[in-house]
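**Q** Numbering (our numbering), first residue to last: 2 to 495. What follows is a single structure, and I will ask about it in a moment.
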RNA sequence: GCCGCCAUCGUCUAGUGGUUAGGACGCAGGAUUCUCAUUCCUGUAACACGGGUUCGACUCCCGUUAGCGGUACCA
C-alpha cells in the first residue's frame with residue numbers, strides 16, 4: 002500500500018456547510034498533515050434529489066476560511082480527478098459489473114411498492130424488515146435480457162449467510178456483525194447512480210485513501226464495505242469512526258432544528274475560525290499539556306486517534322463563546338480592527354462599516370471594548386455612542402439620569418461642574434483629564450455623595466447607558482467638543 | 001423490535017486496581033473598581049445501577065438501565 006497517509010472528507014452537497022463537516026475536515030486534516038500526508042475532499046453528489054446548488058461552493062469557501070484547505074478536491078483538482086462522484090458514473094458501473102460476474106452482486110427488478118409491502122409484512126410478523134432476496138436467483142442471462150428490454154433495475158450486493166463479519170476499528174477495536182442482520186445493499190440505483198456504499202469503496206480504493214475516518218453513524222455500514230473490499234480483493238484501509246457531535250440537549254445529532262448547525266451561522270455571528278477549530282478539537286481531544294486554548298498547529302502536531310474520546314459530545318455554545326473571547330482578547334488592536342471590518346463586510350452591515358471608516362478614531366475605541374467582546378458582532382452594541390449621539394427621547398434621558406444619581410438639583414450641579422472643568426482643559430491629555438477626575442471626587446466628598454452617584458450621571462449623559470468602559474477613557478476618546486456638547490444636552494433635558 | 005457504539009460534576013474532560021477523584025466552561029460568593037467587562041481568589045457539583053474478580057474497585061468481567069447511532073434505490 003501507498004506509504005503516504007491520505008485521508009478524505011466525503012460530504013454530500015445538500016445545503017450550507019455543516020459544522021459537523023468542518024469537524025470531520027479538521028480531524029482528517031490534522032491526522033494527514035501531522036504525518037506529512039494529504040487531505041482530500043471528494044464530493045458525494047450521488048443523491049440527485051437532495052443536491053443543493055451552491056453547496057459545494059459554500060463548503061469550499063468555508064474550508065478556506067478555516068484554513069483546512071484540501072490538497073485535492075473538486076475545486077483544487079488533483080491526480081485522481083474527477084472528485085465529484087456524479088462525474089464518475091462509468092467507473093462504478095464497471096465495478097458493479099465485475100461484482101456481478103464474480104457472483105457477488107445481482108440485478109433486482111423489484112418495485113419500491115413491493116419492497117414497502119414486504120417490509121411492512123415483516124414488521125407485522127415481528128422480524129427485522131429486510132429485502133427478501135426475491136431476485137437473487139435470477140440468472141445473469143435472464144436479467145440482462147430484462148435490462149435490455151428496458152425494465153427498471155438496481156444492482157444489489159450479495160451478503161453471505163451465517164457469517165460473522167469482523168470489522169476492525171483503530172479506536173474501537175474489533176467489532177463483530179452477524180451477516181444475517183445485514184441487508185442485500187443496493188449498489189447501483191435505478192437512475193444509474195451508485196449508492197454511498199458502492200461509491201465510497203471504489204473511490205477510496207482508486208484514490209488511494211489509507212485511513213477511512215468518518216463519523217460514528219457509519220459504523221453499522223462498515224461490514225458492507227469490508228465485504229466489498231473482500232469481493233474486489235482490495236486491501237482495506239484503516240477504519241476510524243469518530244464520535245458524532247450532538248445537540249446541546251443531547252438529543253440527536255447537531256442539527257438545524259436545535260440551534261444552529263451551519264458553519265456560516267457562526268461566521269455571521271462573529272466567531273473566529275481559529276476559535277471554532279479550537280473548540281471542535283477540544284470536545285473530543287485534550288491537549289497533552291492540558292491546555293484549553295491551543296492552536297490548530299498543536300492539534301496537527303499531537304493528534305492521534307488513540308487519544309480521541311469515545312462519547313458523543315454535546316455542543317456547548319457557552320464554551321465556544323468563552324474560547325472565542327479568549328482569542329479576541331489576544332488580538333492586537335490593528336488585527337481586531339481588520340477582523341471587524343472583515344466581519345461587517347461579510348454581514349453587509351453598512352452602518353457599522355461607515356463607523357469603521359474612521360480608522361484612527363476606531364483604533365482608539367477598540368481597546369476600550371476589546372475585553373468586552375465575546376463575539377465580533379458584540380461590537381456594534383457596545384460602541385454606538387462613540388459614533389452617534391445617544392438617541393433618547395427627552396423623558397427617557399431624564400429618567401435615566403435621575404435614576405442614575407440622586408435628585409435633579411444635585412445632578413444639575415454635578416453636570417454643570419463637570420462641563421466647566423472639561424471646558425477649562427487646555428491640552429487634551431490623559432494627565433489633565435485625571436485632574437478633572439480628582440476635582441469631581443473632591444466635589445463628591447465635599448457634598449458627601451457616593452462616588453457611584455457622582456460618576457453615573459456623567460456616564461449616562463455621555464453614553465446614554467449605565468455601562469461603559471472607565472468614564473475618563475471614554476471622555477478622552479470622545480474628545481472635548483463632543484463631551485461638552487453632550488453634557489449640555491443632558492443639562493437641558495433636565 | 002432488531003443490530004451496534006457508549007456511560008466520571010449541568011456541559012467538555014483527566015484518571016488505566018490503593019487519589020482528599022484533578023482541570024476547563026457554567027453557576028454562586030469575594031478581591032480589584034466610577035458602572036460593565038477583564039483579571040485573580042474561593043466555593044458548588046460526578047464515578048448510572050446490580051452482580052462478580054480481588055486484600056482492595058471509578059478503574060477488570062458479566063448483566064440491567066439510560067443515551068446515541070443504524071435499520072432506504074439518503075449520505
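All C-beta atoms, glycine included, are put in the ideal place defined by N, C-alpha and C.
How is residue 436 classed by DSSP in three states: helix, strand or coil?
**A** In this structure, residue 436 counts as helix in the three-state DSSP scheme.
**Q** Count the CB pairs spanning the segment 426 to 435 and the segment 356 to 376 that are closer than 8 Å, and state whether there are at least three.
**A** With a cut-off of 8 Å, the segment 356 to 376 and the segment 426 to 435 do not count as touching, because too few Cβ pairs lie within range.
**Q** With respect to the beta strand (DSSP E) encompassing residue 43, which residues constitute its N-terminal and C-terminal limits?
**A** From DSSP, residue 43 is part of no beta strand (DSSP E); its letter is neither H nor E.
**Q** Roughly how many whole angstroms lie between the Cα atoms of residue 265 and residue 257?
**A** Between residue 265 and residue 257, the C-alpha separation is close to 12 Å.
**Q** In chain order, what residues of the same chain lie with their CB nearer than 8 Å to the CB of residue 162, ignoring the 5 residues before and after it?
**A** Correct list, in chain order: 180, 181.
**Q** By the 10 Å Cβ neighbour count, where 16 or more other Cβ atoms means buried, how is residue 74 classified, buried or exposed?
**A** Flag for residue 74 reads buried.
**Q** With three or more C-beta pairs closer than 8 Å as the rule, is the segment 95 to 115 touching the segment 138 to 146?
**A** Flag = yes, the segment 138 to 146 and the segment 95 to 115 touch.
**Q** Could you check if residue 169 is buried or exposed, using at least 16 other CB atoms within 10 Å of its CB as the buried criterion?
**A** Exposed, by the Cβ-count rule.
**Q** Taking the C-alpha atoms as reference points, what is the distance between residue 187 and residue 158?
**A** Roughly 6 Å separates the two Cα atoms.
**Q** For a test of the three-state rule: what should DSSP assign to residue 420, helix, strand or coil?
**A** The answer is helix: DSSP assigns residue 420 an H, G or I state.
**Q** Less than 7 Å between C-beta atoms, sequence neighbours within five positions excluded: which residues of the same chain meet that for residue 3?
**A** Residue placement at residue 3 is poorly supported in this model, since its pLDDT is 49, which falls under 50; the coordinates still yield a value, given next. Closer than 7 Å at Cβ, skipping near neighbours: 209, 211.
**Q** State the start and end residues of the unbroken beta strand (DSSP E) segment that holds residue 8.
**A** It spans 7 to 10 - the beta strand (DSSP E) in which residue 8 sits, taken as one unbroken run.
**Q** Who are the near neighbours of residue 31 in its chain, counting only those whose CB is closer than 7 Å to its CB and skipping five residues on each side?
**A** These residues qualify, in order along the chain: 300, 301, 304.
**Q** Determine whether the beta carbon atoms of residue 284 and residue 238 lie at a separation below 8 Å.
**A** Result no, Cβ atoms of residue 284 and residue 238 do not sit closer than 8 Å.
**Q** Curious, which full-length alpha helix (DSSP H) runs of at least 4 residues does the segment 113 to 187 contain?
**A** With a minimum length of 4 residues, the continuous alpha helix (DSSP H) runs that stay inside the segment 113 to 187 are 113 to 125, 141 to 149.
**Q** Can you confirm whether the segment 13 to 31 touches the segment 54 to 71 when touching is taken to mean that 3 or more C-beta pairs between the two stretches lie within less than 8 Å?
**A** As far as the Cβ criterion goes, the segment 54 to 71 touches the segment 13 to 31, which means the pair count is three or higher.
**Q** Give the single residue among 326, 416, 356 whose Cα lies nearest to the Cα of residue 490.
**A** Ranking 326, 416, 356 by Cα distance to residue 490 puts 416 first.
**Q** Ignore the nearest five residues each way along the sequence and tell me which others in residue 164's own chain have a CB closer than 6 Å to its CB.
**A** Contacts found: 180.
**Q** How should residue 435 be labelled, buried or exposed, when 16 other C-beta atoms within 10 angstroms of its C-beta is the threshold for buried?
**A** Label assigned to residue 435: exposed.
**Q** Please identify the residue among 71, 13, 51 whose C-alpha is closest to the C-alpha of residue 38.
**A** The option with the nearest alpha carbon to residue 38 is 71.
**Q** Looking only at its chain, what residues have a beta carbon closer than 6 Å to the beta carbon of residue 5, apart from the 5 residues adjacent to it on each side?
**A** 38, listed in sequence order.
**Q** If you check the beta carbons only, do residue 28 and residue 7 fall under 8 Å apart?
**A** Their beta carbons are not under 8 Å apart, which means residue 28 does not touch residue 7 by this criterion.
**Q** Quick one: Cα of residue 290 to Cα of residue 254, how far?
**A** Residue 290 and residue 254: Cα-Cα distance of roughly 30 Å.
**Q** Between residue 130 and residue 123, what straight-line distance do the alpha-carbon atoms span, to the nearest angstrom?
**A** Near 5 Å, if we compare the C-alpha coordinates of residue 123 and residue 130.
**Q** Helix, strand or coil for residue 85? Go by DSSP, reduced to three states.
**A** Three-state result, residue 85: strand.
**Q** Smallest Cα separation from residue 200: which of 225, 178, 176?
**A** Here the closest residue by C-alpha is 225.
**Q** In angstroms, rounded to a whole number, what distance separates the CA positions of residue 363 and residue 357?
**A** Looking at the two C-alpha atoms, the distance is approximately 6 Å.
**Q** Would you list the residues sitting across from residue 365 in a DSSP beta bridge?
**A** Residue 365 pairs with nothing; no bridge assigned.
**Q** Verify whether the separation of the beta carbon atoms of residue 160 and residue 185 is less than 8 Å.
**A** Yes, they are a contact pair.
**Q** Pick helix, strand or coil for residue 315, following the three-state DSSP scheme.
**A** Note: residue 315 maps to strand in three-state DSSP.
**Q** Quick check on DSSP: helix, strand or coil for residue 358?
**A** If DSSP states are grouped into helix, strand and coil, residue 358 belongs with the helices.
**Q** Do residue 324 and residue 388 have their C-beta atoms closer together than 8 Å?
**A** No, Cβ-Cβ distance for residue 324 and residue 388 is not below 8 Å.
**Q** Is the Cβ-Cβ distance between residue 334 and residue 368 less than 8 Å?
**A** In this structure, residue 368 lies closer than 8 Å to residue 334 by Cβ.
**Q** So, are the CB atoms of residue 275 and residue 328 less than 8 Å apart?
**A** Yes, these two residues count as a Cβ contact at 8 Å.
**Q** In the DSSP assignment, find the unbroken alpha helix (DSSP H) run with residue 497 in it and report its ends.
**A** There is simply no residue 497 to check, as the chain begins at 2 and stops at 495 in what is shown.
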